[in-house]
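*Asks:*
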């Protein structure tokens, strides 16, 4: 079950799994924060991946598949998975390269209710209108889901229009935006933050961005929550 007090780590890791600097820092973060959920963007899936998550269940939504390794978003949880939904964007970046992916998972609380997590790497290198179109698809999917929810990841909100629409998205499905301690460590482009965390049906105790130097081109965010009961 998901505990009444639990923690989450979210990080765009820039495909760094297997690199010594990443492996060492990732291990120290897990030891320090003991997260109950880990939501990664640009994760690597190959024969070594399971070794990172020996204490977790995990699932992934792939956006790039090669012969011996795949890439995408990965969600790991100490609690069971009830359902997983993986989605790719309809549109490709720059019309001819890759699609982005997101992963929706559900996990049980002991009282029979569920926590939904959404791990997203939003589409980049397209117009704001295409970005909005893809987020609207997510709204349609999430609108039928009740209960506690966390939506987090790399939203690629580097323009005012993208950022404004993301705020509207949160309002549409009743989400609050987390405010981060050390928010200056959040990855920015054109002075706009790219990584966000939204939630509902939970009490946010703390959210923080952690400086990990140059391990990835993003820094991780960690958050602790308690249930409202």
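Residue numbers (the numbering used here): 74 to 302. Don't be surprised by glycine CBs; every beta carbon is placed ideally from N, CA and C.
#1: Name, in chain order, the residues that DSSP records as bridge partners for residue 198.
#2: What's the C-alpha gap between residue 205 and residue 295?
#3: Assign residue 212 to one of two classes, buried (16 or more other C-beta atoms within 10 Å of its C-beta) or exposed (fewer than that).
#4: Helix, strand or coil: which one does DSSP assign to residue 301?
#5: What number of angstroms, rounded off, separates the C-alpha of residue 263 from the C-alpha of residue 229?
#6: By Cβ distance below 6 Å, which residues in the same chain neighbour residue 226 in space, the five residues on each side in sequence not counted?
#7: Considering only C-alpha positions, which residue in the set 210, 117 and 108 is nearest to residue 129?
#8: From residue 99 to residue 282, what distance separates their C-alpha atoms?
#9: How long is the line joining the alpha carbons of residue 174 and residue 160, rounded to whole angstroms?
#10: Mapping the DSSP letters down to three states, classify residue 109 as helix, strand or coil.
*Replies:* In brief:
#1: Locating residue 198 in the chain shown gives position 125, where the first residue counts as 1. The partner list for residue 198 (beta bridge, DSSP) is empty, contrary to what the question assumes.
#2: The residue labelled residue 205 in the question sits at position 132 within the chain shown. The residue labelled residue 295 in the question sits at position 222 within the chain shown. For residue 205 and residue 295, the distance between alpha carbons rounds to 27 Å.
#3: Here residue 212 is taken as the residue at index 139 of the chain shown, counted from 1. Counting Cβ neighbours within 10 Å, residue 212 comes out exposed, since fewer than 16 surround it.
#4: As a first step, residue 301 must be located in the chain shown, where it is residue number 228. If DSSP states are grouped into helix, strand and coil, residue 301 belongs with coil.
#5: For the purposes of this step, residue 263 is taken as the residue at position 190 of the chain shown. For the purposes of this step, residue 229 is taken as the residue at position 156 of the chain shown. Cα to Cα, residue 263 sits roughly 11 Å from residue 229.
#6: Within the chain shown, the letter at position 153 stands for residue 226. So the qualifying residues of the chain are 114, 192, 193 and 194.
#7: Numbered from 1 along the chain shown, position 56 holds the residue referred to as residue 129. The candidate whose alpha carbon is nearest that of residue 129 is 108.
#8: Within the chain shown, numbered from 1, the residue matching residue 99 stands at position 26. Within the chain shown, numbered from 1, the residue matching residue 282 stands at position 209. Taking the straight line joining both Cα atoms gives about 14 Å.
#9: Reading the chain shown from its first residue, position 101 is the one you call residue 174. Reading the chain shown from its first residue, position 87 is the one you call residue 160. In a straight line, the C-alpha of residue 174 is about 6 Å away from that of residue 160.
#10: On the chain shown, position 36 is the one that residue 109 refers to. Residue 109: coil per DSSP, three-state reduction.
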